[in-house]
Every structure is written in structure tokens, then in C-alpha cells.
Amino acid sequence: MSDRSCFRRAGAVVCAIALGLVAAAPLAAQTGRIQGEVRASGSGRPLAGAQVYLVDGRAGTVTGPDGRYLILNVPVGEVTVRVQMLGYTTVTRTVTVVADQAATLDFTLTESAVSLDEIVVTGTAGQARQREVGNSLSQISTQEIELAPVRNTQDVIGGRATGVTVLANSGQPGTGGTIRLRGNSSVSQSNAPLIYVDGVRIYSEQSLAGGASRQRLLPLNDIPAEDIERIEIVKGAAATTLYGTEASGGVIQIFTKRGQAGRPVWTVELGTGVNNLGHVGPKEDPTGLFMVKCRGPELIDSEGNPFEDVTCPSSGSWLRNGPIYRFNASVRGGGGDLTYFLSAGYNNENGAIETGYSRDGGFRGNFSFRPYSTLDFAVNTSYRKRSSRFIPDGNLANGFTLNVMRGPANNFKRPGACSTPEMVCTSNAEVLDQVSMARTDHFVTGFTMRWEPTPRMSHRLTLGYDYLRIENSYELPFGFLRAPLGQISINDQQHTTLSIDYVGSVRHDLGGLASTFSWGGQLFEDRDNYVSAVGRDFSGPGEPTLTSGAVTEVSTHSRLRVVNAGFFFQEMLGWRDRLFITAGLRVDGNSAFGENFGLQPYPKLSAAYVISDHEWWPSSIEAMKLRAAVGESGKAPGAFDAVRTWEPIAADDGKPGFTPAQLGNPDLGPERTREFEVGFEASAFEGRIGIDYTYYRQRTMDALIGMLAPPSQGFLNRQLMNVGTIDNRGHELRLDGAILRTPTAEWRARLNISTNDSKAVDLGGEDIPVGSGNYVREGYPVPSFFGIKILNPDEIAEPILSEETYIGPSYPTRIIGFGTTISLFEDRLVLDLLAEHQGGHYNANFVGYQNNLRGVWRPCYEINAKLRAFNAGDQSALNDVTARERARCAIDREKMHSDFWISPADFTKLRTVSLTYRLPPRLVPGARTAMLTLSGRNLFTWTDYDGVDPEVADMSDSSFGRREYYNLPPLRSFLASIRVTF
Amino acid sequence: MRYERRSFVAALAVLLLPAAACSEFTKVTNPGPIQDSDLNNPDVVPALVVGMSGDLSAAIDDMIELTSIAADELAHGGSYTAPGLYYRGIILPEDVNGVWAGAHRARWVAENGILRIREILGEEGYESSAEAARANVLAGYANRLLGENMCYAVIDGGPREDHKVHFSRAEDYFTEGLRLAERVGNATLRYAALAGRASVRAWQGKWDEAAQDAAQVPTNFVYEAIFSENSGRENNNFWIETHVRLEYTVYNTRWANVHGDPRVPWDTLYAPGGGIRNGQDGFTPYFQQKKYPERGSDVPLSKGTEMRVLQAEAALRRGDLTQFTALINEQRGHYGMDPIPQPANEDEAWEVLDFERGAVVWLEVRRFWDLRRWYEEGRNQFLANRDKCIPISRNEMNSNPNLHE
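From first to last, the protein sequence lines stand for chains D and E.
Under numbering that gives the first Met the number 0, think of the first position of the first sequence as 0, with each following residue one higher.
Under numbering that gives the first Met the number 0, think of the first position of the second sequence as 0, with each following residue one higher.
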């Protein structure tokens with residue numbers, strides 16, 4: 000049967016049943032209004048941004064900056080209204096609405112760091128109140144997002160939630176970072192968390208970026224931060240069991256803004272600013288690795304030989320202030336049974352080096368329709384288009400940073416063109432003639448139907464489709480020094496995810512005991528089409544296509560399709576609304592499993608106990624929940640990993656042939672991660688102090704390890720086998736405190752502390768290189784650096800070396816996020832700051848290694864001179880030179896080694912600072928609010944790491960292992976923006 | 000309650016019916032890779048042999064870089080770490096994983112393919128198959144490549160053996176290839192088998208038989224590992240490393256003093272505007288090899304001129320300097336070079352042979368073995384205090400239980 004006919008039949012079945020199930024209900028004919036204000040208890044401050052809605056979901060709105068709200072078109076009669084705001088207790092009250100009249104209903108919310116009655120959905124079957132959830136769940140609210148000068152969605156997540164690692168990797172506009180939740184649980188499969196947007200699974204991986212960028216894209220960043228209402232993050236298998244296979248890396252669920260019944264509310268935001276880089280490289284280098292200064296007497300090598308770059312810009316620097324332009328507009332509103340949220344935006348971000356930019360724009364339309372009191376539909380659709388041009392960067396012989404930073408030892412020279420004929424004469428501007436582009440189109444749409452046939456029963460069906468296309472092109476123009484006839488390569492990737500997700504639940508109350516039974520099933524079909532082609536040897540100049548080349552080659556073409564399907568059952572028992580026990584089972588099948596492998600079950604069990612509901616509990620601690628959870632989830636192998644295959648090749652000048660590909664393993668199954676976590680959430684002193692603590696312990700069993708068959712047996716690719724065991728454990732602590740709280744001012748501080756201790760317990764005896772000199776080895780963190788270690792680094796002596804020695808982990812083992820918000824004059828002036836520390840890990844400074852190899856690493860110049868003097872017979876020349884300095888700054892090639900440049904990469908960065916001023920209404924007539932924000936990003940870095948930046952890595956060398964290799968550091972940005980709401 | 004039960008059942012139907020409607024839907028598809036059983040088809044035999052050839056070319060391509068640097072044919076002038084060690088005579092097991100694996104894949108694919116061809120075609124079809132003849136010749140050359148360059152032989156995950164095991168296996172395959180080539184009347188394969196067998200017989204000390212085989216190969220005969228511009232996998236990557244990246248230079252080798260020899264073509268590379276260009280390391284003067292001037296340049300596996308030099312060595316070992324000189328000059332004449340006078344004695348003749356053979360097989364993955372065998376005989380001592388062969392790779396050591404201590 001063809002897929003098309005299959006879909007037609009399946010769709011018809013679904014629609015017929017869905018329509019048949021709809022129960023008619025009378026529409027309300029007469030309506031009135033509800034109005035009022037929401038204030039904080041104690042301080043009495045008006046609360047802006049609180050959600051006020053009818054409990055039956057028919058209407059709702061958000062409070063304005065003065066805390067006031069108005070709900071239109073409310074059915075007459077007695078209605079129940081609920082007010083919800085992150086950081087406050089939820090309040091529910093009843094009011095009688097009279098036709099064509101306004102009922103007044105004011106609310107006072109008590110601050111609480113723990114919102115036990117807040118509804119969450121991630122990791123639960125359908126939805127649940129926080130008090131019922133036995134696992135840890137982090138949330139990031141729209142308030143946090145709006146205050147921070149975030150560039151993209153990965154910036155929203157970094158530093159704001161425990162257990163989350165976000166590594167920026169690069170300062171190339173348009174590229175994406177690396178995200179990990181509770182470390183790396185897999186050696187061979189992706190450790191990226193699953194990403195859901197409004198219930199629709201989107202492409203969660205990093206994608207290839209332009210050929211010369213040496214970086215990757217993160218499709219998550221195609222969801223504009225301005226559209227995000229909140230984010231829920233569940234981090235381990237204990238919470239992700241119901242997501243089954245693929246979910247052991249955790250789940251990030253993004254909820255975009257939705258419409259609210261009422262008149263349209265328009266928001267327009269305009270922003271502008273600059274990107275730049277401060278000093279680049281070691282402090283001792285006044286030229287900033289010849290990037291900050293590309294002209295002048297300081298352009299010398301370690302022997303004092305001067306050189307010149309004839310193409311150095313007139314400013315004397317390769318760096319510039321790259322302008323930033325931002326525009327975003329949205330409208331939300333609705334009436335009757337239909338609400339909407341529409342938004343559109345455009346960003347133009349230019350890098351700190353000429354030619355580097357990223358431009359993206361798109362729109363979103365979220366619609367909700369509730370034709371009957373028991374049935375509602377939601378359609379969420381977004382499209383984002385992005386075009387990025389990257390600086391040739393990283394471990395690339397034609398790279399701009401590589402060639403500029405190597406000074407006189409670069410690959411682009413123009414002998415005799417300099418002021419002094421015998422001087423080494425470089426010509427780096429030619430490098431920028433290369434054009435490395437990424438063009439993406441990302442379309443996400445989802446249709447969700449909720450049906451509550453009775454007050455006790457609910458069904459939710461979501462159909463989702465994620466379409467992502469990325470075209471990377473890399474052009475060496477005709478006349479390029481290192482490829483005179485030119486070359487263009489194109490990689491075209493299309494990924495689609497079709498998802499069908501159904502969840503049902505029924506609730507029974509048995510006195511003090513409540514039972515909620517849930518069931519559901521999901522099916523995900525992933526298609527990945529990839530074409531890579533090269534055209535080279537152009538006839539002449541001009542803008543080339545593949546067929547401009549005299550020689551063209553399609554180097555890769557793949558069309559991959561994998562289906563994962565499963566179902567689950569879950570029972571939650573609640574006792575007196577304070578103790579909740581949840582047990583569930585997920586069963587999955589996956590088309591990539593081996594033929595001998597059947598369905599895979601993943602069980603879960605959790606308990607939540609709201610101990611603060613007891614009467615004897617001290618009132619000063621208004622909320623306290625204890626929780627514990629254990630659960631499993633998995634990771635599937637790749638398509639065809641289970642089958643013995645041969646790869647078609649061309650040989651003998653274009654004739655068809657075969658070469659061995661995959662050895663095959665019919666017993667191949669998913670790896671299973673079992674996680675146990677225990678913790679508590681507490682709020683004390685009217686929300687002045689909030690604590691959320693979790694200890695987790697993961698064990699990945701049957702871990703998929705790429706085992707090598709003896710190469711002398713012909714099959715060279717590693718074959719996945721379920722033989723490994725990986726451990727992860729750690730602590731997560733979130734402290735939230737109100738240092739000062741008065742009617743006109745508030746000062747809050749947030750502290751997130753996360754640790755992660757990973758260990759490869761069993762790898763089936765394998766020693767697994769993961770690229771960039773990183774390895775996974777039994778008994779050590781996943782992954783780690785190994786190599787030649789200097790045993791006496793600080794001694795004044797020749798280095799004593801230890802071969803093949805463990806040096807340290809490649810990923811942070813501790814992350815501390817510190818944020819503070821100071822609100823003055825009833826929130827008219829708000830200062831927000833976020834700093835982050837990552838530590839315990841290492842990075843390899845290959846810039847230092849490669850530059851010293853060529854005698855152009857400034858911190859080594861003095862040592863280089865002493866070593867030369869020593870070699871010339873001055874026995875006292877090294878009297879103050881340590882073993883580490885001798886090893887790193889060696890001038891004899893036999894004594895040089897890159898392992899000496901693996902260094903601790905601890906850093907603390909001031910991620911964001913923003914100052915927001917709410918303009919007086921008279922200045923912006925007709926506006927509900929107008930906010931002026933001045934902000935900065937990546938303003939300071941404190942680190943002892945001696946490379947260019949401890950956070951960057953070359954993602955083309957390896958997306959798992961980490962190594963810095965002439966990659967641009969993250970940009971420093973200054974931004975001014977104004978946001979007006981009408 | 001009944002309503003709830005009905006809606007529960009209906010919901011389950013929503014869940015299950017689409018899947019039931021199309022079980023095909025859940026199949027994984029990944030067009031491209033070929034399943035093993037699909038190769039058991041007579042029509043696939045030509046592609047199997049082309050695959051053997053492709054894997055042998057890939058193995059040769061990998062190994063040129065290592066052996067040319069280790070054998071002083073080229074010097075390291077780039078930024079790769081391992082070749083820097085090769086240049087210093089250090090060849091580590093962890094640095095030769097790719098070289099070891101590629102060469103063994105070439106051998107396994109050819110040897111395993113011969114068994115598969117026999118099974119697919121049957122004895123009659125096999126005996127009349129030019130592809131079978133070529134498969135045997137390729138298996139012979141793959142074994143010779145391993146025998147000449149590896150310190151030890153490891154066959155199909157077995158224990159460590161003397162590297163000369165590969166020479167005896169190669170001799171068997173060349174003999175079988177010769178027999179089949181003669182049956183199908185393929186002269187090229189016949190010469191290729193004879194030339195290959197001549198070399199591996201010589202390396203086993205069978206110099207008279209080697210000389211007899213070699214004598215049957217015309218001086219102008221060349222049998223090559225095929226490279227092409229057609230696709231990246233077929234490219235001569237050694238050309239890319241020496242013409243695009245500038246990793247390996249003739250500078251600082253014995254051949255840097257050899258000028259105008261058509262067997263050792265190289266030239267100084269100048270930057271636009273003048274001045275000698277440096278290698279990828281930024282400071283080593285770049286003398287560029289011109290033997291492989293294109294991305295699709297083929298690499299000789301056997302040549303008639305090498306046969307003359309091999310015969311000359313056999314003559315020298317017999318003490319026949321007259322024939323030695325004649326054979327050397329026959330080879331030189333082929334390249335349009337002036338004849339050399341007869342060496343005054345055997346020591347002088349060995350020096351002549353060292354240079355002449357080195358020039359003839361320059362950058363053909365043969366010199367490392369010549370230096371090794373001559374070192375063991377107390378002649379050329381370049382390899383003193385240097386690694387003399389490629390060790391068993393780290394990956395083979397780790398994955399092969401027969402090699403565990």
C-alpha cells in the first residue's frame with residue numbers, strides 16, 4: 000500500500016470517529032463582563048501579567064501593568080474565575096454575572112515560590128497539578144523572558160533552570176549551541192533533549208551549518224523568544240517515561256502565547272544595537288591574535304620578525320561593531336468561542352567581522368475554537384525563514400580566524416606587496432571572498448482537539464507536522480588563491496516529523512481517595528532527506544551554481560524514514576489531595592530495532608506528598624512538597640543499524656561497486672535509562688524564600704556502544720551492540736528569595752546550582768574516540784580528555800610526562816546560575832541580571848598549540864626566547880621556567896604536543912544585564928504600556944582558561960567531543976529596544 | 000458511566016485503527032545501503048570486483064602518505080600530528096588505525112569476494128571469468144601491500160603471524176590469477192599477475208623464480224591502482240594533500256638533491272609575486288611532488304621498469320654485474336636517461352640499485368619495504384633507530400581477542 004493511500008484511509012477513520020463523538024451542547028446566548036484588579040498580598044503591589052480565566056475555559060485575559068483586567072462575553076449566571084501567576088498561589092473565586100453588566104471581582108495573590116495548583120503537562124499524562132507530580136519539573140515564565148535580552152531560545156534556557164547545560168560553541172550569528180539535560184546518558188546516540196512546541200514534536204537535533212562555519216544550527220532557535228509564553232523542562236528518565244524511546248535525554252516543551260477573549264491587544268517591539276568582540280585571546284597579546292590590531296609594530300613573531308597584512312582594514316582592526324535590528328509585532332484577542340494570537344518578526348544580526356550576518360523572519364498564528372462546552376480545537380502554526388552568512392572559521396585551512404590568528408604563518412600571502420619587500424606579507428581579506436551560507440525554512444503546525452464528554456473524562460488528540468529545510472552552500476570563488484578555478488558545495492537537508500499523539504483520562508473520586516486513570520498512544524514518523532553535491536572548476540567569474548563547474552559530483556544522497564510508535568497506561572491515586580502515587584507503563588516499538596527484538600516496556604512509579612497541607616505544619620512554611628520518582632526511557636538505534644549492509648560506491652573511474660558497510664546485529668534494541676530522583680519544593684515566609692532541591696541518579700543499561708569488529712575481518716564501521724552501562728548522578732538546587740519587598744520596590748535573587756557526575760561503567764571493553772581528542776573510557780566521565788599529562792607542571796625542571804593519562808571531563812560538572820531582579824517605583828524601573836558559572840571541565844586550546852608550533856603565540860614569546868638561549872648554550876636561561884611553560888612553549892618540534900594545551904575551562908560569564916523603564920502613559924498616547932529597555936549580553940568573562948574562549952568548540956570536528964580550534968568566541972552585544980502595547 | 004466507556008472504546012479505536020489500516024506504514028526505509036544477501040547474484044559480480052579495486056586504491060591512497068614520509072621520500076611540512084611523528088621515525092599503533100583497516104578491508108573484500116564469486120558462478124563460470132582472474136590479482140596485490148608494510152600479519156581476526164604470510168598468500172592468488180588470465184586470454188591481467196608474483200617471490204628469497212616471472216613482463220607495462228576525478232572516493236587524496244593543502248614536501252629528503260630525473264618529478268612551489276611557498280605548517284619550504292599531478296592520477300602497482308630493476312637485483316645477488324648494469328640501463332633507457340657505467344664492485348652496485356630502485360618506485364608505497372629488507376641485510380641503514388614497519392593498529396589490538404595478552 001502506498002503511503003498516500005494509507006494516510007487517506009487513516010485520516011478518514013480518525014475524522015469519522017472524531018466527528019461521531021462530538022456531543023451537541025447549547026450555545027450561551029446572553030453575556031456580561033467581569034472586571035477587577037489583582038494585587039500581591041503584603042506589599043499590595045499590582046500584579047501585571049497574571050492570567051485570569053473562567054475555570055470552564057470559555058474566556059480569559061491577562062492583567063495589565065496596573066494589575067487590572069476585563070473579561071468580555073462571559074455567560075450569565077454563576078461562574079468560577081481563577082487567577083494564576085508563576086510565583087504566586089493560585090486563587091479561585093465565584094461571581095454572578097448579569098447580562099450586559101460588569102461584575103467586579105478583585106484578587107489578592109500570596110507570593111509562593113511553589114505553585115502547587117499550577118497546571119503542568121510535560122511528563123504527565125494529559126495535564127496535572129504541580130502537587131500531583133512526583134518528579135522535578137523546571138519552568139521558565141514569560142516574565143523572565145521579557146526582561147532578559149535574549150537573542151534566541153537557547154539563551155532563554157541557559158542559566159535559568161537547574162540541570163540544564165547550554166554551551167554557546169561560537170559567536171557566529173545564526174549558529175546554535177549545545178544543550179544537555181543532566182549530562183550525557185548515551186555514548187553513541189544523541190544526547191539532545193526532545194523538543195515539543197505546543198504539543199508538537201519538532202526536530203530536536205543540531206543540524207549541519209554552512210561548510211565553512213564549522214558550527215551547527217539549532218532548529219529550536221526558530222521559535223522566537225517573543226512568542227514564548229512559558230517553557231517546561233523535565234530532565235531525566237524518571238519524568239520522561241511516557242515519551243518512551245528517544246526521551247532519555249529529557250524533554251523541553253515550549254508553550255507559545257495564546258489568544259485571550261477581549262479586545263485586540265497589540266504589542267510592537269523595535270530594537271537596535273551592536274555586536275562586537277572585546278579583546279580576543281590572551282591578555283598578554285596586545286594585538287588580540289592579530290584580530291584586534293592588524294597593523295603596527297606589534298605584528299611580530301616570537302623572534303621579533305615583523306610582518307604586514309596588506310589587506311588590513313583602514314581602521315587597523317578586523318573587528319567591527321556589527322549592527323543589530325529587530326522588529327516584532329503581535330496581536331492577541333478573541334471573542335465568543337474563538338481566540339487568536341498572531342505575531343510576525345524580523346531580526347537582522349550582523350557579526351563582529353565583516354560579511355558575517357544572520358537574518359530571520361517569520362510569523363505565527365495560534366487559534367483556539369471552542370464550539371461546545373465539551374470540545375475545543377487549537378491550531379498553532381509558525382513559519383520561520385533564516386539566511387545566515389558565516390565567516391570561514393574553525394579548523395579550516397581556508398578559515399579567516401585561522402589565517403589571521405596565525406599571523407605570518409598563514410596560508411594567504413602576497414610576497415612583495417608590503418611596504419618592505421622582504422617582509423612577510425599576508426593578504427587575509429581574500430579569505431572573506433568565500434561565501435558560506437545557510438538558508439533555512441522551518442514550518443511547524445499542530446492541530447489539537449480536546450474533548451471532555453463528562454466532567455470526569457477527557458481526551459486530547461494532537462496531530463503535528465514539523466518541516467525543516469536547511470540548505471548549506473560553500474563557495475570558493477573563481478580566482479581564489481587556494482582553488483584558482485573555484486568550487487561550490489551544496490548540502491540540502493529536509494527533515495519532517497509527523498506526529499500523532501492521543502491521551503485520554505478518567506477520574507473517579509472515592510471519598511478521600513481519588514483515582515485518575517490515563518491512557519494514550521503516540522506515533523512519530525521521521526523522514527530525513529539529504530543531498531550533498533559539489534561542482535568545481537568554473538569557466539570564469541560570476542555567481543556559480545553546481546552546474547557552473549566543469550566537474551560535478553553528487554557525494555551523498557540519503558532518504559531515511561524511521562517510525563516510532565507506542566502506547567501507555569497510567570494510574571494516579573490521590574489521598575486527601577496531599578499524597579499522590581502514580582504508576583505507569585509505556586510500551587514502544589521502533590522500526591530501527593533488530594528483527595529479533597520486540598516491543599520495549601518502560602515502567603514508572605512516583606510519589607508526591609504535600610506535607611504542608613497538614614494542620615500541624617508551621618504556617619511560616621506555606622508550601623512543602625516531598626517527591627520521589629523512578630522511571631525508564633530509552634534511545635533507539637539508527638535506521639538499519641541492525642542489518643548487515645554494503646555500501647554502493649564508484650571505482651575504476653566511475654564504475655559501480657560495493658564496499659562493506661554495516662556488520663549488522665539482529666538483536667539490536669534501544670538503550671534504557673533508569674532514573675531515580677528524590678527531592679522537595681518549599682516556599683516560606685509568604686514566598687520570600689523558595690527552595691527546590693533534587694538528587695538524581697541515572698543508569699543507562701544496554702547502552703548502545705559502537706563495537707569494533709577486528710578490522711582484519713573487513714567491516715570497518717563500528718557495530719552498535721547493547722553492551723554498555725553509563726551512570727549519571729547529581730544534585731540540583733534552586734533558591735529563590737525576596738531580599739526586599741515593599742509596595743514600591745522589590746529585590747529578588749535566584750540561584751541555581753547543578754552538579755553532574757557521569758561515568759562510563761561498562762563499555763564492553765571498548766575505548767571509544769568521539770572526536771576532537773575526546774574519549775569515552777570505562778571508569779571516567781562521558782566524554783573526557785586523555786593524553787600526555789605533565790606531572791610536575793609548576794616545578795622549575797624539565798617536564799615529567801605521563802602517557803595516556805586521564806586529564807578531565809569535557810563537559811561541565813557544575814553549573815551555577817545567579818540572577819537578580821530589582822524593581823523600583825512600582826515596577827516602573829526594573830534591573831535584571833543573569834550570570835552563569837560553568838566549571839569542572841576542560842577544553843583543548845588548539846589555537847595556542849598551533850600558534851606556538853609556528854612561533855606566533857604571544858604568551859610564549861618570552862619562554863621561546865629563553866629556550867633559544869638555552870639551546871645556544873646559556874645554561875641559566877631556564878632558571879625560572881616551569882615544566883608546563885617548557886612543554887607548552889617548546890621550540891623543538893619533537894617536544895611539542897597538543898595534549899599540553901588541554902586546560903581547565905572553568906568560567907563565569909555575565910550573560911545578560913537589562914534595565915527596563917516603563918514610560919509614563921503621557922509619553923506614548925493611546926498605549927497601555929510602553930517599555931524602554933537597555934541591555935547587554937556577554938559583557939564580562941572571568942576565566943583562567945588560556946585559549947580564546949572556554950565555551951567554544953569546533954562542531955565540525957565533533958558534535959560530542961569538544962575542542963577549541965580558531966572558533967569565533969561568543970559576541971558581546973548592546974541593545975536598546977522599545978516595546979509598546981496598545 | 001456507559002457514555003464514558005463508549006468514549007474510551009472509541010478513543011482506543013482512534014488510536015489503533017490508523018495503525019491497523021496500514022501496517023506498511025511502520026516499516027523503516029533507507030534506500031542506499033545494500034543488504035548482504037542482495038550480492039548473491041551473477042549480475043553483481045562485476046560490481047563486486049570493481050569494489051575490490053576501489054578498496055585497494057583507497058588502501059594505497061592511505062598508505063602513500065605514511066610510507067613516503069617514513070621512508071624519506073617526502074618530508075612533513077604540514078599541520079597533521081601523526082605525519083610529524085612518522086617523519087621522526089615513530090609509527091604508533093593509535094596513529095595507524097585507518098591505514099591498517101583500509102589495507103585489511105582491501106584484502107578481506109578481495110579474498111571473501113573470490114569465495115562468493117565461486118559460489119555464485121559455479122566452477123564452470125568461475126573458470127571462464129575475467130572478473131575472477133582480476134579478483135585474484137587484486138587479492139594478490141592487497142596481500143603484497145600488507146606484507147611489505149606491516150610488521151605482522153593478522154588474518155580475519157586470527158592471531159599474530161609473520162608478515163611474510165602475506166607474501167605466500169599473495170603468491171597463491173597471483174598464481175591463480177595468472178592461470179585464469181591465461182584461460183580467458185587477458186594479457187594485461189597475465190602481466191599484472193606475473194609482475195606481482197615476481198615481487199612476492201623475491202621477498203620470499205625465491206630470486207630465480209622471481210627473475211623468471213619478471214622477465215616475462217615488458218618494460219613498458221604498467222598496472223595501476225585506479226584513481227579518478229569522478230567522485231571523492233575515487234580521488235587521489237595524496238594529490239590533494241600535496242597540491243591543495245601542501246602537507247608533504249620533497250624538501251629535506253634525499254630526493255631534494257635529485258634534479259631533472261623523470262622518475263622523481265618535483266618542483267619548487269612559488270607564491271604569486273615570487274618567493275618560495277611554505278607548506279601547511281607555515282615555515283617549511285614547499286617542494287611539490289609532480290608524479291601525481293592530478294586529482295585522478297593513478298598509482299602504479301607494478302611496472303615493467305620495476306621488473307628490470309628486480310631482475311637487476313637478482314643478478315646482483317648472483318654477482319653478475321654485467322647483467323645488472325644492462326638491466327638497469329634498459330630501465331633508464333625507457334625513461335630516456337643516459338646509461339650508467341658498470342659499477343666497479345658489488346658495494347657500488349648496491350648503491351646504484353638503492354638509488355635506481357628508489358627512483359623507479361618513488362611514491363609507490365614500495366620504498367619503505369625496500370629500506371626494511373635492505374636494513375635487515377645490513378645495507379641501507381636509514382631505518383636505524385626508526386620504526387621499520389607499520390605496527391598492528393590499536394583498534395585491531397583492542398578488538399581481536401586472539402591478540403589479547
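We put the CB at the ideal spot given by N, CA and C, even for glycine.
Subject >> Near-chain E residues of the stretch 833-850 of chain D (beta-carbon distance less than 9 Å), N- to C-terminal order >> reply: Under the 9 Å Cβ criterion, the stretch 833-850 of chain D contributes Q849.
Original post:
Should D:N870 go down as buried or exposed, given a rule of 16 or more other Cβ atoms within 10 Å for buried?
Top reply: Answer is exposed; the Cβ neighbour count stays below 16.
Original post:
Quick one: is D:R971 near chain E, going by C-beta distance under 9 Å?
Top reply: Contacts with chain E at 9 Å (Cβ-Cβ) do not include D:R971.
Original post:
Excluding five sequence neighbours on each side, which residues of the same chain lie with their C-beta closer than 6 Å to the C-beta of D:R8?
Top reply: Low confidence applies here, because D:R8 scores a pLDDT of 44, under 50, leaving its location unreliable; read the following figure in that light. There are no such residues.
Subject >> For D:R936 and D:V986, the rounded distance between their alpha carbons >> reply: Past the boundaries of the shown model lies residue 986 of chain D; chain D is included only from 0 to 981, so the question cannot be answered.
Original post:
Who are the near neighbours of D:V75 in its chain, counting only those whose CB is closer than 8 Å to its CB and skipping five residues on each side?
Top reply: A27, Q29, T30, G31, V96, V97, A98.
Original post:
Which parts of the stretch 582-662 of chain D are runs of the alpha helix (DSSP H), unbroken and 4 residues or longer, counting only runs that do not cross its ends?
Top reply: Counting only runs of 4 or more, we get nothing.
Original post:
Between which two residues does the alpha helix (DSSP H) containing D:V120 stretch?
Top reply: That residue, D:V120, is in no alpha helix (DSSP H); it is neither H nor E in DSSP.
**OP:** Determine the DSSP secondary structure at D:V21, reduced to helix, strand or coil.
**Re:** Residue placement at D:V21 is flagged as unreliable, the pLDDT there being 39, under the threshold of 50; a coordinate-derived value is accordingly withheld.
**OP:** Could you spell out the range, first to last residue, of the beta strand (DSSP E) harbouring E:G259?
**Re:** That residue, E:G259, is in no beta strand (DSSP E); it is neither H nor E in DSSP.
**OP:** Report the rounded CA-to-CA distance for E:R371 versus E:M62, giving the unit in angstroms.
**Re:** Distance between the alpha carbons of E:R371 and E:M62: 16 Å.
Original post:
Along chain C, which residues have their Cβ under 9 Å away from the Cβ of D:K788?
Top reply: Absent from the structure: chain C. Protein chains present are D and E.
Original post:
What residues in its chain sit with their C-beta under 6 Å from that of D:E646, if we drop five residues either side in the sequence?
Top reply: Only T658, A660 meet the Cβ criterion.
Original post:
Given that a residue counts as buried once 16 or more other Cβ atoms are within 10 Å of its Cβ, and exposed if not, what is E:A383?
Top reply: Under the 10 Å beta carbon count, E:A383 is surrounded by fewer than 16 other beta carbons and is classified as exposed.
Subject >> Paired residues, beta bridge with D:W941 - DSSP >> reply: DSSP, once it has assigned bridges, lists D:T907 as partnering D:W941.
**OP:** Just confirm the distance between the C-beta atoms of E:N397 and E:G156, as a whole number of angstroms; I'd bet it's less than 8 Å.
**Re:** Not confirmed; about 12 Å, so no contact.
**OP:** Please look up how many angstroms separate the CB atoms of E:L362 and E:Q288, rounded, as I've assumed it's under 8 Å.
**Re:** In this structure E:L362 is in contact with E:Q288, their Cβ atoms being roughly 6 Å apart against a cut-off of 8 Å.
Subject >> Cβ distance (whole Å) where D:I862 is taken to contact D:V880 below 8 Å >> reply: The pair is a contact, with the Cβ atoms about 6 Å apart (cut-off 8 Å).
**OP:** Tell me whether D:P322 is buried or exposed, calling it buried when 16 or more other Cβ atoms sit within 10 Å of its Cβ.
**Re:** By the neighbour-count rule (16 or more Cβ atoms within 10 Å), D:P322 is not buried but exposed.
Original post:
Distance, Cα to Cα, E:W238 vs E:A57?
Top reply: Distance between the alpha carbons of E:W238 and E:A57 is about 13 Å.
Original post:
Within the 9 Å Cβ cut-off, does D:D587 reach chain E?
Top reply: At a cut-off of 9 Å between beta carbons, D:D587 makes no contact with chain E.
Original post:
Any idea if E:Y334 is buried or exposed, counting beta-carbon neighbours within 10 angstroms, 16 or more meaning buried?
Top reply: With fewer than 16 Cβ atoms within 10 Å of its Cβ, E:Y334 is classed as exposed.
Subject >> Exposure of D:Y965, with buried meaning 16 or more beta-carbon neighbours within 10 Å >> reply: Around the beta carbon of D:Y965, 16 or more other beta carbons sit within 10 angstroms, so the residue counts as buried.
Original post:
Whose C-alpha, out of D:V629, D:L374, D:P617, is nearest the C-alpha of D:Y601?
Top reply: Considering only alpha carbons, the answer is D:V629.
Subject >> Cβ separation of D:R643 and E:D54, assumed to be a contact under 8 Å, to the nearest whole Å >> reply: So it is not a contact: roughly 17 Å between Cβ atoms.
Original post:
Can you tell me whether E:H258 is buried or exposed, with buried defined as 16 or more other CB within 10 angstroms of its CB?
Top reply: Exposed, since its Cβ has fewer than 16 Cβ neighbours within 10 Å.
Original post:
Nearest-angstrom Cα distance between E:I391 and E:R87?
Top reply: Rounded to whole angstroms, E:I391 to E:R87 spans 19 Å at the Cα level.
Original post:
Does the stretch 313-330 of chain D come close enough to the stretch 241-251 of chain D that 3 or more CB-CB pairs lie under 8 Å?
Top reply: Of all C-beta pairs linking the stretch 241-251 of chain D to the stretch 313-330 of chain D, fewer than three are shorter than 8 Å, placing the two stretches out of contact.
Subject >> Helix, strand or coil at E:P284 [DSSP, three-state] >> reply: Looking at E:P284 - three-state DSSP - the assignment turns out to be strand.
Original post:
Taking only beta-carbon atoms, is E:P17 less than 9 Å away from chain D?
Top reply: Reliability of the predicted coordinates at E:P17 is poor, the pLDDT of 49 falling under 50, and no value is obtained from them.
Subject >> Identity of the residue in D:T152, D:W450, D:C293, D:S169 nearest D:D55 by Cα >> reply: Proximity to D:D55 across D:T152, D:W450, D:C293, D:S169 peaks at D:W450, based on C-alpha coordinates.
**OP:** Give the residues of chain D in contact with E:R244, contact being defined as C-beta atoms less than 8 Å apart.
**Re:** At a C-beta separation below 8 Å, E:R244 has these neighbours in chain D: A396.
Subject >> Alpha-carbon spacing of D:V13 relative to D:T461, whole angstroms >> reply: Residue placement at D:V13 is poorly supported in this model, since its pLDDT is 41, which falls under 50; the coordinates are not used for a value here.
Original post:
What number of angstroms, rounded off, separates the C-alpha of D:S184 from the C-alpha of D:P669?
Top reply: D:P669 has its alpha-carbon roughly 13 Å from the corresponding atom of D:S184.
Subject >> Closest residue to E:L177 among E:N235, E:A129, E:P32 (Cα-Cα distance) >> reply: Nearest C-alpha to E:L177: E:A129.
Original post:
With burial defined as no fewer than 16 other Cβ atoms inside 10 Å of the residue's Cβ, what is the status of D:S976: buried or exposed?
Top reply: Its Cβ being crowded by 16 or more others within 10 Å, D:S976 is buried.
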